[in-house]
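Q: Sharing a structure below in structure tokens format, with a few things to ask.
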Amino acid sequence: MTDVVQIQLQAETVANKWGKALLTPTENGFQIHFNAQDAQRSVQKAARSLDNLGLTQVQLTGDNWTLELQWAFYQGFCSAKKQGGVLFNSDAAQTQLEQLAQCFSWAKHLTNQTPDELYPEQLAKQAAAFITDIAPKGTVNSHILLDEQLLEQGWNGLHAVGRGSARKPAMLVLDYNPTGQADAPVSAALVGKGITFDSGGYSIKATESMLTMKCDMGGAATVTAALALAIKQGLNKRVQLILCCAENLISSNAYKLGDIITYKNGTTVEIVNTDAEGRLVLADGLMCAAQSGAGLIIDAATLTGAAMTAVGAEYNALFALDKTLAQKALAYAEQVQEPTWQLPLELWHQQQCPSAYADTANSRPVKGGGAGGASNAAGFLSRFVPDKGKGWLHFDLAAAFNNNNNAYWAAGATGQGIRTISATLLGEA
Numbered sequence: 006m007t008d009v010v011q012i013q014l015q016a017e018t019v020a021n022k023w024g025k026a027l028l029t030p031t032e033n034g035f036q037i038h039f040n041a042q043d044a045q046r047s048v049q050k051a052a053r054s055l056d057n058l059g060l061t062q063v064q065l066t067g068d069n070w071t072l073e074l075q076w077a078f079y080q081g082f083c084s085a086k087k088q089g090g091v092l093f094n095s096d097a098a099q100t101q102l103e104q105l106a107q108c109f110s111w112a113k114h115l116t117n118q119t120p121d122e123l124y125p126e127q128l129a130k131q132a133a134a135f136i137t138d139i140a141p142k143g144t145v146n147s148h149i150l151l152d153e154q155l156l157e158q159g160w161n162g163l164h165a166v167g168r169g170s171a172r173k174p175a176m177l178v179l180d181y182n183p184t185g186q187a188d189a190p191v192s193a194a195l196v197g198k199g200i201t202f203d204s205g206g207y208s209i210k211a212t213e214s215m216l217t218m219k220c221d222m223g224g225a226a227t228v229t230a231a232l233a234l235a236i237k238q239g240l241n242k243r244v245q246l247i248l249c250c251a252e253n254l255i256s257s258n259a260y261k262l263g264d265i266i267t268y269k270n271g272t273t274v275e276i277v278n279t280d281a282e283g284r285l286v287l288a289d290g291l292m293c294a295a296q297s298g299a300g301l302i303i304d305a306a307t308l309t310g311a312a313m314t315a316v317g318a319e320y321n322a323l324f325a326l327d328k329t330l331a332q333k334a335l336a337y338a339e340q341v342q343e344p345t346w347q348l349p350l351e352l353w354h355q356q357q358c359p360s361a362y363a364d365t366a367n368s369r370p371v372k373g374g375g376a377g378g379a380s381n382a383a384g385f386l387s388r389f390v391p392d393k394g395k396g397w398l399h400f401d402l403a404a405a406f407n408n409n410n411n412a413y414w415a416a417g418a419t420g421q422g423i424r425t426i427s428a429t430l431l432g433e434a
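Residue numbering for the sequence shown follows my numbering, starting at 6 and increasing by one per position.
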């Protein structure tokens, strides 16, 4: 067997002597016998098995390797310790697959970094550097607001969540403008939750829940990679990227239960759960996006456990008041084979977290935010978008991270959501 293991794809059933095996050995590697009725999942499952054998580099050879089947193999074969090692089948799809691999591997590596390595300002800097490197020269400008600069600009929610850490909160505002015109309108704005570690604050998480909270910046990684992928695929509209980055920690200076935050638009918010911090930072990001005048605003966040309860770890949850736009986004998600499910959101969801002391509370003072927690969180966010939500999409990234290995995914970041947001950006900006 050569150093590079050859992987062939065969729709025919396996020979009787191999039973129901997905994989059979060949002279130079392995052959995958995939189920045509569930082709992508069976290929991804076979790839996980090959990774578990300790293979480090494989070549996809022979017929039947469509773009989506090659991508399913890549997703199953890669892990937190190995983001490469797949040599794609040489065909017209190879360039697109390499673009996908570049953007996904960056997002996965970033999300899998330890919270000691990746802190708020570092997250903002790495995202800016990645887009600047991807984009044509001269098309990117960015700045980072840090700590007290956030208060000067009125971004009080982000500052409140992050002020308890010695590593201060940061907001990245990046402008991608390929038009060459300084006064070109901003067509779209992407907003990402960048909580580099979430202890829960004074509403502290249990150890098992806190263990993987380095992933709570998955929304920031997702929208950054989505923008990079869209640029790679020819995005020619002006787009703003806004990342809301903080550590949610406990200290004498941390925000507390009963505090009231007054937002830039005048909305007052009582804190009834410091572990419902993602919506507090996204509120500032959404108002910043609205200031750009963008007709399309997309935010992404690992926001609620309620979304995972509703749709599981294989789907992302989508929320929108703009029902027509939501249907388009769902069609893009299906097009790129990223399972996405729309959950309920109406304007009255804004009233689902009442407060006796402020316009709204940031959650309900019960475990997980109570019934409909994901919709209530989306309702909170809808207070901070323009035109009663027209042109706005909210992705609750239930499928962005796996705590443990399973038959289809390695433990860690998955990148699920990147292709959907990129496709929506290209189609609707």
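Built from N, CA and C at the ideal position, the CB exists for glycine as well.
Since the structure is predicted, the reported quantities are computational estimates derived from the model, not experimental observations.
1. Give the secondary structure of residue 163 by DSSP, where H, G and I count as helix, E and B as strand, and everything else as coil.
2. Helix, strand or coil: which one does DSSP assign to residue 251?
3. Straight-line CA distance for residue 168 to residue 14?
4. Along the chain, where does the alpha helix (DSSP H) containing residue 5 start, and where does it finish?
5. Closest to residue 290 by C-alpha separation, out of 250, 313, 242, would be which residue?
6. From the DSSP output, in three-state form, read off residue 339 for me.
7. Which one or two residues does DSSP pair with residue 176 in a beta bridge?
8. Would the beta-carbon of residue 93 fall within 9 angstroms of that of residue 51?
9. Using CA atoms only, rank isn't needed, just tell me which of 259, 261, 330, 118 is closest to residue 397.
10. In whole angstroms, what is the alpha-carbon distance linking residue 307 and residue 62?
11. Across the stretch 183-193 and the stretch 296-303, are there enough close Cβ pairs to call them in contact, namely three or more that are closer than 8 angstroms?
12. Helix or strand or just coil, what does DSSP make of residue 124?
13. Whose CA, out of 44, 104, 390, lies closest to the CA of residue 233?
14. With H, G and I counted as helix, E and B as strand and the rest as coil, what does DSSP make of residue 84?
15. Is residue 286 helix, strand or coil when you go by DSSP?
16. Within its chain, find whatever has a CB closer than 6 angstroms to the CB of residue 312; leave out the 5 residues flanking it on each side and keep chain order.
17. By alpha-carbon positions, which one of 127, 238, 222 ends up nearest to residue 98?
18. Around the C-beta of residue 399, are 16 or more other C-beta atoms found within 10 angstroms, so that it is buried, or is it exposed?
19. Starting from residue 234, trace the beta strand (DSSP E) in both directions and tell me its first and last residue.
20. Assign residue 280 to buried or exposed, taking buried as 16 or more other Cβ atoms, counted over all protein chains shown, within 10 Å of its Cβ.
21. What residue ranges within the stretch 339-397 form continuous beta strand (DSSP E) runs of no fewer than 3 residues, ordered along the chain?
22. For residue 76, count neighbouring C-beta atoms within 10 Å of its own C-beta (all shown protein chains included) and say buried if the count is 16 or more, exposed if not.
23. Buried or exposed for residue 387, going by 16 or more other Cβ atoms inside 10 Å?
24. Quick check: the stretch 183-190 against the stretch 266-276, are there 3 or more CB pairs under 8 angstroms?
25. Under a Cβ-count criterion, where at least 16 other Cβ atoms within 10 Å of its own Cβ denotes burial, should residue 188 be classed as buried or exposed?
26. Is it buried or exposed for residue 121, if we count other Cβ within 10 angstroms and need 16 for buried?
27. Return the chain-ordered list of same chain residues with a C-beta closer than 6 angstroms to the C-beta of residue 357, the five sequence neighbours on each side being excluded.
28. Counting Cβ pairs, one atom from each stretch, are 3 or more of them under 8 angstroms apart for the stretch 402-419 and the stretch 207-225?
29. Among 151, 355, 428, 27, whose alpha-carbon lies nearest the alpha-carbon of residue 38?
30. Let me confirm a value: residue 263 is counted as buried when at least 16 other C-beta atoms fall within 10 Å, else exposed. Which label applies?
31. Buried or exposed, going by whether 16 or more other CB atoms sit within 10 Å of the CB of residue 371?
32. With 16 other CB atoms within 10 Å as the buried threshold, where does residue 56 fall?
33. Straight-line CA distance for residue 433 to residue 336?
34. Go through its chain and collect everything with a Cβ distance to residue 144's Cβ below 7 angstroms, but skip five positions before and after it.
35. Hey, residue 393 and residue 326: beta-carbon distance below 9 angstroms or not?
36. Can you look up residue 103 in the DSSP assignment and give me helix, strand or coil?
A: In short, the structure shows the following:
1. Correct three-state label for residue 163: helix.
2. Reduced to three states, the DSSP call for residue 251 is strand.
3. Residue 168 and residue 14: Cα-Cα distance of roughly 53 angstroms.
4. It is not possible to answer for residue 5, since the shown part of the chain is limited to 6 through 434.
5. Nearest C-alpha to residue 290: 250.
6. Looking at residue 339 - three-state DSSP - the assignment turns out to be helix.
7. Residue 176 has 150, 249 as its beta-bridge partners, per DSSP.
8. At a Cβ-Cβ threshold of 9 angstroms, residue 93 and residue 51 do not count as neighbours.
9. The candidate whose alpha carbon is nearest that of residue 397 is 330.
10. Distance from the CA atom of residue 307 to the CA atom of residue 62, rounded to whole angstroms, is 32 angstroms.
11. The stretch 183-193 makes contact with the stretch 296-303; the number of CB pairs closer than 8 angstroms reaches 3 or more.
12. In this structure, DSSP gives residue 124 a state outside helix and strand, which the three-state scheme calls coil.
13. Checked all of 44, 104, 390; the closest Cα to residue 233 is 104.
14. Of the three classes helix, strand and coil, the one that applies to residue 84 here is strand, per DSSP.
15. Residue 286 carries a helical assignment under DSSP once its states are collapsed to helix, strand and coil.
16. Non-local beta-carbon contacts of residue 312 in its own chain, meaning distances under 6 angstroms to residues more than five positions away in sequence, involve 322, 379, 401, 403 in chain order.
17. Nearest in C-alpha terms to residue 98, of all of 127, 238, 222, is 238.
18. Residue 399 comes out buried.
19. Bounds of any beta strand (DSSP E) do not take in residue 234; it lies within the alpha helix (DSSP H) bounded by 223-237.
20. The residue is buried, with at least 16 neighbouring Cβ atoms inside 10 Å.
21. Listed in chain order, they are 345-347.
22. Under this definition residue 76 is a buried residue.
23. Buried, since its Cβ has 16 or more Cβ neighbours within 10 Å.
24. Taking 8 angstroms as the limit for Cβ pairs, the verdict is that the stretch 266-276 does not touch the stretch 183-190.
25. In this structure residue 188 is exposed. Its beta-carbon is surrounded by fewer than 16 other beta-carbon atoms within 10 angstroms.
26. So residue 121 counts as exposed.
27. Here the set comprises 381, 384.
28. Contact check between the stretch 402-419 and the stretch 207-225: three or more CB pairs, one atom from each, fall below 8 angstroms, which counts as touching.
29. If we check each option's Cα against that of residue 38, 27 comes out closest.
30. Answer is exposed; the Cβ neighbour count stays below 16.
31. Exposed, by the Cβ-count rule.
32. With 16 or more other Cβ atoms within 10 Å, it is buried.
33. In this model, residue 433 and residue 336 are separated by some 12 angstroms (Cα to Cα).
34. Excluding sequence neighbours, residue 144 sits near 181, 182, 183.
35. Contact flag set, yes.
36. In the three-state reduction of the DSSP assignment, residue 103 falls in the helix class.
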